[in-house]
Amino acid sequence: MKGQILIGILFLINVICIPIVASTSEIDPLTFYPENDAYISEKHHDNNYGSENTIMIKTKYGGSNWTLWQQDALINFDLSSLPSNVYVISAKLYLYYYDYVDNDPKGRTLSVYRLGAPLDETSVTWDSRPTNAGCITVNSTVPNSFGWMTYNVTVDVQGFVDDAWDNYGWQICDKTSWGKVGIPSPLFYSKDSTGSSPYLIVEYSFEKPNNPPTADSGGPYLGYTNSSITFNGSNSTDSDGNITGYRWDFNNDSTWDTEWISDANTSHSYNTSGNYTVVLQVKDNRSDTSTNKTWANITLQPNQLPTANFTYMPYYPVINETITFSDTSNDSDGTVVLWNWTFGDENTSILQNPIHSYNATGNYTVNLTVTDNRGNKSYVEKEIIVRSFMRGDVNNDSSLDRDDLIHLIKYIFGKGSAPDPIYLGDINGDGVVDYKDLFF
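Structure (structure tokens):
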């Protein structure tokens with residue numbers, strides 16, 4: 070019993086001592102509301118509009134007699150609660166567009182500039198307005214209907230965090246010429262309104278956000294059926310790390326044809342001609358992925374002509390002797406399917422390995438034409454000399470006797486002269502006079 074209690078205590082100790090790992094879930098975004106907001110009017114350049122419940126934006130150009138119509142929005146936020154040394158994932162400024170004056174401003178571009186000096190809504194006028202950074206942070210288009218307009222100011226907020234510039238806020242204006250009366254003027258709720266106040270949402274992380282890799286599948290690729298093609302993904306990049314894997318789908322069927330491989334290049338061949346969509350997916354050292362598509366145009370392999378050839382025996386045929394013709398043709402990229410023989414004496418054959426004999430001496434041209442499985446042809450011609458002699462009459466005395474054998478033995482073993490003509494000694498018909506003729 071004591072042993073069981075001890076085991077239980079040890080188990081509890083082990084459970085209690087298991088280290089607890091802090092959650093790595095995303096940090097909740099921070100929402101900020103304006104510290105100052107106002108609009109300024111070029112026409113009423115001494116007036117302060119920092120306590121209005123409306124922010125009006127208007128371009129400078131009106132009728133021909135009135136050019137001083139520009140009105141800009143100014144807004145800033147206290148971002149001191151945003152931790153330092155963080156990475157800003159997203160910072161979006163929201164203003165609620167609820168009405169307009171004169172013509173409908175839908176589709177007009179409103180530009181955001183970062184302010185270069187402090188803003189005080191209680192005193193700011195056109196004449197005392199703060200300078201801006203001189204370059205546009207972001208543009209946004211007035212929508213077709215009322216609602217929230219969004220401005221992506223991520224770069225500016227990251228600059229505030231990094232102390233690249235001071236957090237003075239933003240100026241929002243319409244820089245597009247109108248050139249006539251009835252200037253389209255969108256109205257937005259200010260922080261002093263009873264409507265939807267402007268706000269800024271900032272998402273951030275203490276870990277630098279990963280930039281996904283950029284896949285580059287290369288191509289387009291050209292190739293032939295049943296011929297290996299090298300696919301090249303080496304132009305894929307990762308701006309903040311390195312690519313650790315490549316995988317390919319060679320026909321865009323949503324099934325990867327390779328596993329993750331470390332080599333940027335791989336090879337593949339297609340059995341059928343056609344246009345194929347090729348997909349490359351890459352992953353980086355933080356397991357983010359990217360895909361890119363290209364295509365491969367595959368055509369039939371250019372047909373290689375067959376090679377026609379044949380042999381025949383006997384090599385020195387005589388009248389009425391059966392000659393065996395043996396086809397030795399080949400086709401490097403297919404098969405030979407048809408054979409057409411002409412024997413030079415008006416006789417023909419379509420057999421692959423025919424036999425034939427001649428009833429008269431003479432020189433005969435034998436032609437073999439072969440056709441492959443794709444309809445291409447080639448031919449070969451060989452001349453056959455048909456003679457009238459007694460096969461085995463080595464000494465050419467018109468008789469077959471032991472003297473022929475003695476003559477042949479002496480020649481083969483280098484002790485006598487060659488048969489004259491030489492074919493008299495080719496008893497087995499293979500075109501060579503050697504020891505094999507002794508056993509035929």
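Take any residue in the sequence shown, note its place counting from 1, add 69, and you have its number in our numbering.
The beta-carbon is built from N, C-alpha and C at its ideal position, and this holds for glycine as well.
It should be emphasised that the depicted structure is a prediction, and the values quoted were computed from it without experimental measurement.
Which term fits residue i, buried or exposed, when burial requires 16 or more other beta carbons within 10 angstroms of its beta carbon?
{"i": "Asp173", "result": "exposed"}
{"i": "Gly416", "result": "As written in the sequence, residue 416 is Asn, which differs from the Gly given in the question. The residue in question, Asn416, is exposed, as its Cβ has fewer than 16 Cβ neighbours within 10 Å."}
{"i": "Pro255", "result": "buried"}
{"i": "Thr126", "result": "Reading the sequence as shown, one finds Ile at residue 126 and not Thr. Label assigned to Ile126: buried."}
{"i": "Arg60", "result": "Look at the range of the chain in this structure, 70 to 509, and you will see that residue 60 is not part of it."}
{"i": "Arg460", "result": "buried"}
{"i": "Glu190", "result": "buried"}
{"i": "Ser457", "result": "exposed"}
{"i": "Lys594", "result": "The requested residue 594 is not part of the displayed model; the chain covers only 70 to 509."}
{"i": "Asn428", "result": "exposed"}
{"i": "Ala160", "result": "buried"}
{"i": "Asp235", "result": "exposed"}
{"i": "Arg177", "result": "buried"}
{"i": "Pro490", "result": "exposed"}
{"i": "Ile312", "result": "buried"}
{"i": "Gly292", "result": "buried"}
{"i": "Asp307", "result": "buried"}
{"i": "Leu420", "result": "exposed"}
{"i": "Thr321", "result": "Before going on, a small fix: residue 321 reads as Asn here, not Thr. Under this definition Asn321 is an exposed residue."}
{"i": "Met218", "result": "buried"}
{"i": "Val226", "result": "buried"}
What does DSSP give as the partner residue(s) for residue i in the beta ladder?
{"i": "Asn221", "result": "Lys161"}
{"i": "Pro103", "result": "Phe146"}
{"i": "Gln373", "result": "In DSSP, Gln373 forms no bridge with anything."}
{"i": "His114", "result": "Paired residue(s): none; His114 is not in a bridge."}
{"i": "Pro255", "result": "Tyr169"}
{"i": "Trp239", "result": "Ile144, Arg183"}
{"i": "Trp410", "result": "Ser418, Leu437"}
{"i": "Phe458", "result": "Phe458 is not bridged to any residue."}
{"i": "Val30", "result": "Nothing about residue 30 can be read from this structure; the chain reaches only from 70 to 509."}
{"i": "Lys277", "result": "DSSP, once it has assigned bridges, lists no residue as partnering Lys277."}
{"i": "Val405", "result": "Asp441"}
{"i": "Ser447", "result": "Val439"}
{"i": "Ser209", "result": "Leu179"}
{"i": "Val387", "result": "Arg456"}
{"i": "Glu272", "result": "Ser159"}
{"i": "Asp431", "result": "Reading the sequence as shown, one finds Gly at residue 431 and not Asp. Partner(s): Val455."}
{"i": "Ala365", "result": "Tyr290, Tyr345"}
{"i": "Thr380", "result": "Ser395"}
{"i": "Thr263", "result": "Answer by DSSP bridge pairing: none, since Thr263 is not bridged."}
Starting from the C-beta of residue i, find all residues in its chain whose C-beta is less than 7 Å away, skip the five residues before and the five after it, and write them out in chain order.
{"i": "Gly403", "result": "Asp441, Asn442, Arg443"}
{"i": "Val50", "result": "No statement about residue 50 is possible, as the shown extent of the chain runs from 70 to 509 and does not include it."}
{"i": "Phe319", "result": "Asp326, His337, Tyr345, Val347"}
{"i": "Lys175", "result": "Val211, Pro212, Asn213"}
{"i": "Lys112", "result": "Leu137, Trp138"}
{"i": "Val193", "result": "Ala107, Ile109, Asn117, Gly119, Leu143"}
{"i": "Ile158", "result": "Glu272, Tyr273, Ser274, Pro278"}
{"i": "Ala377", "result": "Ser398, Leu437, Thr438, Val439, Ser447, Tyr448, Val449"}
{"i": "Val155", "result": "Val230, Tyr273, Ser274, Phe275"}
{"i": "Trp195", "result": "Ile109, Ser110, Glu111, His114"}
{"i": "Ile454", "result": "Asn432"}
{"i": "Leu99", "result": "Ser150, Leu151, Val271"}
{"i": "Thr245", "result": "Thr128, Arg177, Thr178"}
{"i": "Ala186", "result": "Pro199, Thr200, Tyr237"}
{"i": "Thr360", "result": "Ala284, Val348, Leu349, Gln350"}
{"i": "Ser342", "result": "Thr294, Ile367, Thr368, Leu369"}
For residue i, which residues of its own chain have a beta-carbon under 6 Å away from its beta-carbon, when the five flanking residues on both sides are left out?
{"i": "Ser418", "result": "Trp410"}
{"i": "Lys451", "result": "Val435"}
{"i": "Asn122", "result": "Ser259, Asp261, Ser262"}
{"i": "Tyr480", "result": "Ala487"}
{"i": "His425", "result": "Ile392, Phe412"}
{"i": "Arg316", "result": "Trp325, Thr327, Trp329, Gln350"}
{"i": "Asn372", "result": "Arg443, Asn445"}
{"i": "Asp147", "result": "Glu104"}
{"i": "Phe394", "result": "Phe379, Tyr381, Pro423"}
{"i": "Ser209", "result": "Leu179, Met218, Tyr220"}
{"i": "Asp50", "result": "Because the chain is modelled from 70 through 509, residue 50 falls outside the range shown and cannot be assessed."}
{"i": "Val170", "result": "Ser254"}
Is the Cβ of residue i closer than 7 Å to any Cβ of chain B?
{"i": "Thr360", "result": "No chain B appears in this structure, which consists of one protein chain only."}
Beta-carbon within less than 8 Å of residue i's beta-carbon, same chain only, minus the 5 sequence neighbours each way: which residues are those?
{"i": "Ala202", "result": "Tyr182, Arg183, Leu184, Gly185, Trp234"}
{"i": "Ile205", "result": "Ser180, Val181, Tyr182"}
Exercise for the section: Could you say if the segment 347-357 and the segment 380-393 meet the contact criterion of at least three C-beta pairs nearer than 8 Å? Expected result: no
Problem - contact_flag[the segment 393-408, the segment 321-329] where n(CB pairs < 8 Å) is 3 or more - result: no
Handout entry: Given 8 Å, three or more beta-carbon pairs between the segment 287-299 and the segment 367-380
Key = yes
Problem - beta strand (DSSP E) segments (min. 3 residues) lying fully within the segment 281-341 - result: 290-293, 298-301, 312-318, 334-337
Problem - contact_flag[the segment 140-150, the segment 237-246] where n(CB pairs < 8 Å) is 3 or more - result: yes
Handout entry: Validate contact between the segment 300-312 and the segment 285-292 using beta carbons, cut 8 Å, 3 pairs
Key = yes
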